[in-house]
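Written below as structure tokens is the structure these notes are about.
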Amino acid sequence: MTEEITEIVEETEVDEPMDEETKAALISITEQRSATYGLLSRLYRVEVDEEFLKEMKGMRFPAATGNSQVDEGYRLIATFLSNTWGNTITDLAIDYVRTFIGHGVDAFSAAYPYESVYTSEKRLMMQDARDEVLAIYRSQGLDKQETWKEAEDHLALELEFMQILANRTVDALKAGDEDAAIELLTTQKNFLEDHLMAWVPMMTSDMRRFAKTDLYRGLASLTDGFMTVDFEFLQDLLQA
Numbered sequence: 056m057t058e059e060i061t062e063i064v065e066e067t068e069v070d071e072p073m074d075e076e077t078k079a080a081l082i083s084i085t086e087q088r089s090a091t092y093g094l095l096s097r098l099y100r101v102e103v104d105e106e107f108l109k110e111m112k113g114m115r116f117p118a119a120t121g122n123s124q125v126d127e128g129y130r131l132i133a134t135f136l137s138n139t140w141g142n143t144i145t146d147l148a149i150d151y152v153r154t155f156i157g158h159g160v161d162a163f164s165a166a167y168p169y170e171s172v173y174t175s176e177k178r179l180m181m182q183d184a185r186d187e188v189l190a191i192y193r194s195q196g197l198d199k200q201e202t203w204k205e206a207e208d209h210l211a212l213e214l215e216f217m218q219i220l221a222n223r224t225v226d227a228l229k230a231g232d233e234d235a236a237i238e239l240l241t242t243q244k245n246f247l248e249d250h251l252m253a254w255v256p257m258m259t260s261d262m263r264r265f266a267k268t269d270l271y272r273g274l275a276s277l278t279d280g281f282m283t284v285d286f287e288f289l290q291d292l293l294q295a
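If you're matching positions, the sequence shown starts at 56 in the numbering used here and goes up one per residue.
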């Protein structure tokens, strides 16, 4: 995938109309980006259940992407999925709670998946970061569903936001609206830079401290690596 991204960046001038081959390649890459953001969002959103475990076991993960963190993440996740056992769902639920919820003693007892915790001085929830991302969601005509009880700056929602914008980019490209696609890609780059990359590396560092299963350890590496690759891709594409 990394080589394909490089080829697209080299061939694309965002100020000029794309040829059909380049457009098709960019659509393919953006669909892959959307799928990865969707997978990450699901893993952070809630514990793994039987249905999702079965779905993941049917996935095929790349062995070599060109990014060591992505490769390590996929390797750990794939190894875990190939060695599941009778208590896997229970063990994953325990590890999810241990990693992301903790014992609630203080703000350092888990890798709390909220931007506010990692960007506010006292590591509190519902701080400025929550208000900022909510405003960005609404600027794109989005808001959280009533069934979602967590704050808007939960990592699962921030990743889902990236997935939604990637899907909209695909739709814009297929419709021939390159200006809209570029605007959406710019919003994604800015959101990565201003929000996700400003706090997620600190959270994934905590994940490695608390997680006991290779699934969540691998998730930490995959998240770090994928964000780096995606930001570099968007930055290079938009500067081409």
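No residue lacks a Cβ here, since even glycine has one placed at the ideal position from N, Cα and C.
In this text, all values refer to a predicted model and were calculated from it rather than measured experimentally.
Own chain, CB closer than 6 Å to residue i, minus 5 neighbours either side, in chain order
i	result
residue 142	none
residue 151	102
residue 158	164
residue 223	239
For residue i: DSSP bridge partner residues
i	result
residue 169	209
Secondary structure of residue i, DSSP reduced to three states
i	result
residue 102	coil
residue 220	helix
residue 245	helix
residue 97	helix
residue 47	The requested residue 47 does not occur in the structure, where the chain is confined to residues 56 to 295.
residue 163	coil
residue 58	Only weak support exists for where residue 58 lies, its pLDDT of 45 falling under 50; the coordinates are left without a value.
residue 158	coil
residue 193	helix
residue 280	helix
residue 77	helix
residue 329	Since the displayed the chain opens at 56 and closes at 295, residue 329 lies outside it and no answer follows.
residue 230	coil
residue 108	helix
residue 256	helix
residue 202	coil
residue 143	helix
residue 285	helix
residue 290	helix
residue 266	coil
residue 179	coil
residue 128	helix
Nonlocal neighbours in the same chain, by C-beta distance under 8 Å from residue i, ignoring five residues either side
i	result
residue 149	none
residue 225	82, 85, 86, 89
Beta-carbon contacts of residue i that lie in its chain and below 7 Å, excluding the five residues immediately before and after
i	result
residue 88	221, 285
residue 169	180, 206, 208, 209
residue 290	244
residue 100	211
residue 263	272, 275
residue 134	269
residue 74	none
residue 173	254, 257, 258
Separation of residue j from residue i, as counted between CA atoms
i	j	result
residue 72	residue 267	49 Å
residue 59	residue 177	In this predicted model, residue 59 has a pLDDT of only 46, less than 50, meaning its place in the structure is not dependable; the value taken from the coordinates is given anyway. Using only the alpha carbons, I get a separation of about 43 Å.
residue 188	residue 155	20 Å
residue 259	residue 166	7 Å
residue 215	residue 96	6 Å
residue 112	residue 145	17 Å
residue 171	residue 121	32 Å
residue 294	residue 136	39 Å
residue 218	residue 123	23 Å
residue 182	residue 175	7 Å
residue 191	residue 253	16 Å
residue 132	residue 251	22 Å
residue 62	residue 117	With a pLDDT of only 47 at residue 62, under 50, the local geometry of the prediction cannot be trusted, and no value is derived from it.
residue 104	residue 255	24 Å
residue 303	residue 292	Residue coverage of the chain in this structure runs from 56 to 295, which leaves residue 303 outside it and unanswerable.
Spell out a yes or no on whether the stretch 186 to 200 and the stretch 68 to 88 are touching, meaning 3 or more CB-CB pairs, one atom from each, closer than 8 Å. Short answer: they don't touch.
Stretch pair the stretch 85 to 102 + the stretch 278 to 292: three plus CB contacts closer than 8 Å: Contact between the stretch 85 to 102 and the stretch 278 to 292 is present, with at least three C-beta pairs closer than 8 Å.
Does the stretch 260 to 277 come into contact with the stretch 123 to 133, if we say contact requires no fewer than three beta-carbon pairs (one atom in each stretch) closer than 8 Å? As far as the Cβ criterion goes, the stretch 260 to 277 touches the stretch 123 to 133, which means the pair count is three or higher.
Can you confirm whether the stretch 225 to 242 touches the stretch 103 to 114 when touching is taken to mean that 3 or more C-beta pairs between the two stretches lie within less than 8 Å? Taking 8 Å as the limit for Cβ pairs, the verdict is that the stretch 225 to 242 does not touch the stretch 103 to 114.
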